[in-house]
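Asker: Note that the sequence shown ends on residue 186 in the numbering used here; no numbers are left out. Structure in structure tokens, see below.
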Amino acid sequence: MVIYVLSFGPIRTGQLQRSMPGISKKMLTQTLRELEADQLLSRKVHQVVPPAVEYSLTELGQKFVEPLLALYDWAEANSVLLDTVERNRAASGQAEIVEDESEALPLS
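Structure (structure tokens):
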């Protein structure tokens with residue numbers, strides 16, 4: 079979602095948070111740090127009072143927008159089937175994510 083919002087151009091932290099209702103400041107900060115570490119976005123601090131931080135996509139981040147939108151389009155086009163698969167998994171008790179491989183169900 080952050081990459082999608084940034085695909086429209088540079089944006090300040092507060093504007094970014096307002097554009098994504100429901101995300102906590104902590105989660106947004108963590109996500110921004112990870113995306114910056116992955117070199118998908120850049121962070122620019124403007125020396126004003128109070129300090130303003132602006133985020134924008136790097137060249138690598140801009141290249142990621144097209145496949146990201148393709149994935150979104152695929153999920154939207156297949157939403158009914160994906161919902162059915164999820165309901166079937168939940169009904170069969172397979173919806174849990176297994177953290178420890180020793181707890182995984184056998185494949186046979």
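All C-beta atoms, glycine included, are put in the ideal place defined by N, C-alpha and C.
From residue 90 to residue 170, what distance separates their C-alpha atoms?
Answerer: In the sequence shown, the residue the question calls residue 90 occupies position 12. In the sequence shown, the residue the question calls residue 170 occupies position 92. Roughly 45 Å between the two C-alpha positions.
Asker: Tell me, to the nearest whole angstrom, how far the beta carbon of residue 163 is from that of residue 81; I am working on the premise that it is less than 8 Å.
Answerer: Counted from its first residue, the sequence shown places residue 163 at position 85. Counted from its first residue, the sequence shown places residue 81 at position 3. Wrong, their Cβ atoms sit about 26 Å apart, outside the cutoff.
Asker: Out of 100, 92, 105, state which residue places its alpha-carbon closest to the alpha-carbon of residue 128.
Answerer: Reading the sequence shown from its first residue, position 50 is the one you call residue 128. Considering only alpha carbons, the answer is 92.
Asker: Excluding the 5 residues flanking residue 155 on each side, which residues of the same chain have their C-beta closer than 8 Å to its C-beta?
Answerer: Start at 1 with the first residue of the sequence shown, and residue 155 comes out as number 77. Once the five neighbours on either side are set aside, residue 155 has no close Cβ partner at all.
Asker: I need the boundaries of the beta strand (DSSP E) containing residue 135, first residue and last residue.
Answerer: As a first step, residue 135 is located in the sequence shown; it is residue number 57 there, counting from the start. Element bounds for residue 135: 130-135.
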